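Peer 1: There's a structure below that I have some questions on.
Numbering (my numbering), first residue to last: 26 to 228.
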């Protein structure tokens, strides 16, 4: 169980990137009342938790209903995660700049905070792959839910402390950190692709 938890935690932490996203959150809420900031943070994390959990439980069945096999989804998901990782390595600050310069809606909890930032395609893809890999018993699913809860709890703390993080870390440190996370995510993506190809040949 510990190995499943640590593996899932590392994957979710890299994909969600709580520290990097907290910089975007600060930019979107800078100058707003503390109550508004707290409300947006709690709502965004709550929505993301529900979305990722539901996708983990029913995502595989939904794909099977569409006639999509898990091996094909592993390959496609691995390619998607690799694309995300490539962007993190080559252009670590591009997504943040795009979100900051755009006009933000009054309620930013769903878009852009939850979707596509902390519960976007990468997180949903990773969720389906991990839940399908460890499906079967409650003992194998429990560490996945625990990893999801832990990472999103960290994201909530990062959101609420985003002002201090910006002062301490700054954008340069965040870009370096994001590049390191991108390398880890690229390795994880390639492993998904290898697993998918191997499974397709065994079928």
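Just so it is clear, CB atoms sit at the ideal spot from N, CA and C, and this is done for glycine as well. All values derive from a computational prediction rather than experimental measurement.
Cutting at 7 Å between CB atoms, please list the residues of its own chain near residue 172, excluding the five before and the five after it.
Peer 2: Walking along the chain shown from the start, residue 172 turns up at place 147. The answer, listed in chain order, is 30, 33, 34 and 37.
Peer 1: Confirm the yes/no value for this check: CB of residue 100, any heavy atom of the ligand SAH, distance under 6 Å.
Peer 2: In the structure shown, the ligand SAH is absent, as is every other ligand, since no ligand is present at all.
Peer 1: Can you tell me which of 26, 46, 27 and 39 puts its alpha carbon nearest to the alpha carbon of residue 186?
Peer 2: Counted from its first residue, the chain shown places residue 186 at position 161. When only C-alpha atoms are compared, the closest one is 46.
Peer 1: So the candidates are 142, 155 and 104; which of them puts its Cα closest to the Cα of residue 69?
Peer 2: The residue given as residue 69 occupies position 44 in the chain shown. It is 142 whose Cα lies nearest to the Cα of residue 69.
Peer 1: Answer yes or no: do residue 147 and residue 205 have a C-beta to C-beta separation smaller than 7 Å?
Peer 2: As a first step, residue 147 must be located in the chain shown, where it is residue number 122. As a first step, residue 205 must be located in the chain shown, where it is residue number 180. Cβ atoms of residue 147 and residue 205: not closer than 7 Å.
Peer 1: Below 8 Å CB to CB, which residues in the same chain sit around residue 217 once its five sequence neighbours on both sides are set aside?
Peer 2: Mapped onto the chain shown, residue 217 falls at position 192. If we look at residue 217 and ignore the five residues flanking it on each side, its Cβ neighbours are 99, 100, 102, 103, 106 and 154.
Peer 1: What did DSSP end up calling residue 128 once you bin it into helix, strand or coil?
Peer 2: Residue 128 sits at position 103 when you count from the first residue of the chain shown. Confidence is the limiting factor: at residue 128 the pLDDT is only 47, short of 50, which leaves the residue's position unreliable, though a coordinate-based value still follows. Correct three-state label for residue 128: coil.
Peer 1: Use the C-beta contact count for residue 27: other C-beta atoms within 10 angstroms, 16 or more gives buried, fewer gives exposed.
Peer 2: Taking the chain shown and counting its residues from 1, one reaches residue 27 at position 2. Residue 27 is exposed by the Cβ-count criterion.
Peer 1: Output the boundary residues of the alpha helix (DSSP H) element that contains residue 145.
Peer 2: To locate residue 145, count along the chain shown from 1; it is residue 120. Counting along the chain, residue 145 falls outside any alpha helix (DSSP H), and DSSP gives it neither H nor E.
Peer 1: Any idea if residue 84 is buried or exposed, counting beta-carbon neighbours within 10 angstroms, 16 or more meaning buried?
Peer 2: Stepping through the chain shown from its first residue, residue 84 is reached at position 59. By the 10 Å Cβ count, residue 84 comes out buried.
Peer 1: Buried or exposed for residue 219, going by 16 or more other Cβ atoms inside 10 Å?
Peer 2: Against the chain shown, residue 219 aligns to sequence position 194. Exposed, because fewer than 16 other Cβ atoms sit within 10 Å of the Cβ of residue 219.
Peer 1: I think residue 138 touches residue 226, with their Cβ atoms under 8 Å apart; what is that distance to the nearest whole Å?
Peer 2: By one-based count along the chain shown, residue 138 stands at place 113. By one-based count along the chain shown, residue 226 stands at place 201. With a Cβ gap of about 40 Å, residue 138 and residue 226 do not count as contacting.
Peer 1: What is the DSSP secondary structure of residue 122, reduced to helix, strand or coil?
Peer 2: Here residue 122 is taken as the residue at index 97 of the chain shown, counted from 1. Note on residue 122: pLDDT 48, under 50, position unreliable in the model; the coordinate value appears next. Reduced to three states, the DSSP call for residue 122 is helix.
Peer 1: List the endpoints of the continuous alpha helix (DSSP H) containing residue 71.
Peer 2: As a first step, residue 71 must be located in the chain shown, where it is residue number 46. Its alpha helix (DSSP H) spans residues 59-90.
Peer 1: Which stretch, first to last residue, makes up the alpha helix (DSSP H) that contains residue 187?
Peer 2: What you label residue 187 is simply residue 162 of the chain shown in a count that begins at 1. Where residue 187 is concerned, the enclosing alpha helix (DSSP H) stretches over 187-193.
Peer 1: Quick test of your reading: residue 81 and residue 156, contact by CB under 8 Å. State the CB separation rounded to the nearest angstrom.
Peer 2: Numbered from its first residue, the chain shown carries residue 81 at position 56. Numbered from its first residue, the chain shown carries residue 156 at position 131. Right, the Cβ-Cβ distance comes to about 4 Å (below 8 Å), so this counts as a contact.
Peer 1: Under 7 Å between the Cβ atoms of residue 72 and residue 151?
Peer 2: As a first step, residue 72 must be located in the chain shown, where it is residue number 47. As a first step, residue 151 must be located in the chain shown, where it is residue number 126. For residue 72 and residue 151, no; Cβs fall outside 7 Å.
Peer 1: Is it the case that the Cβ atoms of residue 210 and residue 110 are separated by a distance below 7 Å?
Peer 2: Numbered from 1 along the chain shown, position 185 holds the residue referred to as residue 210. Numbered from 1 along the chain shown, position 85 holds the residue referred to as residue 110. For residue 210 and residue 110, yes; Cβs fall inside 7 Å.
Peer 1: Thinking just about the alpha-carbon of each residue, which of 214, 203 and 215 is nearest to the one in residue 114?
Peer 2: Translated into the one-based positions of the chain shown, residue 114 becomes position 89. Cα-wise, what sits closest to residue 114 is 203.
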